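Undergrad: Have a look at this one before I ask anything.
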Amino acid sequence: MRKICKWALALTMTLTLTFSSSAFAFQDTKGLPEEAKILSLKEAGVIGGIDKNTFAPRGQMTFAQGIHMIVKGLDLGIDNLKFVQKPKASDYFTNVPDKSWYASSFVIAQLNGLNIPKNVDPNKPMTREQFAHYLFGALMTTGDYAFIEIWIQIADGKNVASEYMNSIQKLLVAKIASLDGKGNFRPKDIVTRAEAAVMVHDARKFVKSHKEQKPEQPDVDKDVSMQVDKVTDEVNKVTLTWGEKPNAGYRITVDRIEFHEDGKAVVYYSLHTPIPGHMYAQVITTPKAEAFVSAKYTPEIKRSENSGYSGAGVSAEASVSSGE
Numbered sequence: 262m263r264k265i266c267k268w269a270l271a272l273t274m275t276l277t278l279t280f281s282s283s284a285f286a287f288q289d290t291k292g293l294p295e296e297a298k299i300l301s302l303k304e305a306g307v308i309g310g311i312d313k314n315t316f317a318p319r320g321q322m323t324f325a326q327g328i329h330m331i332v333k334g335l336d337l338g339i340d341n342l343k344f345v346q347k348p349k350a351s352d353y354f355t356n357v358p359d360k361s362w363y364a365s366s367f368v369i370a371q372l373n374g375l376n377i378p379k380n381v382d383p384n385k386p387m388t389r390e391q392f393a394h395y396l397f398g399a400l401m402t403t404g405d406y407a408f409i410e411i412w413i414q415i416a417d418g419k420n421v422a423s424e425y426m427n428s429i430q431k432l433l434v435a436k437i438a439s440l441d442g443k444g445n446f447r448p449k450d451i452v453t454r455a456e457a458a459v460m461v462h463d464a465r466k467f468v469k470s471h472k473e474q475k476p477e478q479p480d481v482d483k484d485v486s487m488q489v490d491k492v493t494d495e496v497n498k499v500t501l502t503w504g505e506k507p508n509a510g511y512r513i514t515v516d517r518i519e520f521h522e523d524g525k526a527v528v529y530y531s532l533h534t535p536i537p538g539h540m541y542a543q544v545i546t547t548p549k550a551e552a553f554v555s556a557k558y559t560p561e562i563k564r565s566e567n568s569g570y571s572g573a574g575v576s577a578e579a580s581v582s583s584g585e
């Protein structure tokens with residue numbers, strides 16, 4: 262009896278593993294060089310097929326498919342933005358129906374700064390240089406990356422549109438995009454679904470590897486403090502202070518405020534150091550920034566991910582909406 266039970270258990274596990282692996286596979290990607298990366302994206306829920314068994318790896322990638330893949334692949338979102346009313350595709354595009362399956366991806370892409378043309382045709386095939394450009398734009402919303410300053414020779418570089426060249430160069434440096442055996446990028450060729458999937462897969466890998474290397478930053482810097490003062494019965498003033506500094510080149514700014522359902526208002530701030538080469542009067546200062554928050558919320562402060570860079574930034578005296 263025990264032998265029968267063990268045999269039954271082994272058979273069940275074998276069938277389960279066989280089913281699981283085949284359930285995620287596309288029949289038309291077997292044996293292709295891109296198969297593993299396509300399968301990885303499918304398992305992650307980034308891509309689907311023409312049907313459950315077909316991916317059409319050599320098929321043309323349309324703008325609708327390309328933007329949707331980029332948005333899902335790089336996990337772009339707009340949860341950190343506050344709207345008076347929910348944005349619609351028709352607010353930004355003339356040819357993207359609000360009820361189309363790709364409408365939300367176009368809205369998210371636009372609000373993340375990808376600058377897709379207003380009159381874009383979502384059913385039009387996407388070229389390799391266009392896909393690379395929008396992928397790089399999406400990549401840069403996920404963090405601050407330092408790219409090696411080298412220029413990679415592209416055999417057919419004269420065919421690359423000038424507005425796309427920087428994006429392609431950076432993707433080549435990051436090994437997210439690649440040239441063919443003759444050193445060509447083929448910028449005007451229509452990007453295939455397999456080519457697009459490989460670039461998105463490698464972009465995800467790039468982001469993950471850099472996040473793992475990035476040292477964890479504190480939520481709040483030890484020398485940044487917050488003071489809350491009542492302005493009216495409905496509004497409080499939140500003042501952020503960044504200790505004493507030797508000159509006016511040190512500044513603190515409020516980036517945004519997130520209002521949460523639990524009644525908390527999280528005030529995100531950035532710290533700015535003196536611009537190299539600029540002269541500042543050597544006077545002890547205390548950098549401050551202000552924001553106004555509804556008295557219904559309990560304010561908290563948190564350091565922004567991009568905090569700590571030098572120079573440019575908005576005014577240190579920031580006024581942010583109360584969330585009403």
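Counting in my numbering, the sequence shown runs from 262 upward without gaps. We put the CB at the ideal spot given by N, CA and C, even for glycine. Given the structure is predicted, the values throughout are model-derived calculations rather than measurements.
1. Can you name the residues that DSSP bridges to residue 587?
2. For a cutoff of 8 Å on Cβ pairs, would you count residue 361 as touching chain C?
3. Given this structure, state the Cα-to-Cα distance separating residue 373 from residue 332, to the nearest angstrom.
4. List the residues that DSSP assigns as beta-bridge partners of residue 531.
5. By Cβ distance, which residues of its chain are closer than 8 Å to residue 434, with the 5 residues on each side in sequence left out?
6. Beta carbon of residue 562, beta carbon of residue 489: below 8 Å?
7. Taking the alpha-carbon positions, what's the residue 344 to residue 365 distance?
8. Across the region 370 to 384 and the region 424 to 432, are there enough close Cβ pairs to call them in contact, namely three or more that are closer than 8 Å?
9. Of the residues 337, 459, 321, which one's Cα is nearest the Cα of residue 387?
10. Output the residue ranges of the alpha helix (DSSP H) runs that lie fully inside the region 401 to 444 and measure 4 residues or longer, sorted by chain position.
11. Count the other CB atoms, across all protein chains shown, that sit within 10 Å of the CB of residue 357; report buried if there are 16 or more and exposed otherwise.
12. Could you tell me which of 464, 468, 472, 363 sits nearest to residue 394, measuring between CA atoms?
13. Compute the Euclidean distance between the alpha carbons of residue 565 and residue 501, then round it to the nearest angstrom.
14. Helix, strand or coil, according to DSSP, for residue 323 in the structure here?
15. Report the residue from 459, 535, 548 whose alpha carbon sits nearest the alpha carbon of residue 296.
16. Would you mind reading off the limits of the alpha helix (DSSP H) that contains residue 303?
17. I'd like the ranges of any alpha helix (DSSP H) spanning at least 4 consecutive residues and lying wholly in the region 309 to 385.
18. Find the nearest neighbour of residue 315 within the set 289, 336, 512, judged by alpha-carbon distance.
19. Does the distance from the CB of residue 496 to the CB of residue 404 come in under 8 Å?
20. So, using beta-carbon positions, are residue 325 and residue 384 closer together than 8 Å?
21. May I ask you to report which of helix, strand or coil DSSP gives residue 390?
22. Do you know offhand how far residue 417's Cα is from residue 449's?
23. Do residue 499 and residue 481 have their C-beta atoms closer together than 8 Å?
TA: To lay it out plainly:
1. Given a span of 262 to 585 for the chain in the structure shown, any question on residue 587 remains unanswerable.
2. No chain C is part of this structure, which consists of one protein chain only.
3. 10 Å
4. 514
5. 408, 409, 411, 413
6. no
7. 15 Å
8. no
9. 321
10. 423 to 434
11. buried
12. 464
13. 14 Å
14. strand
15. 459
16. 296 to 304
17. 324 to 334, 364 to 372
18. 289
19. no
20. yes
21. helix
22. 10 Å
23. no
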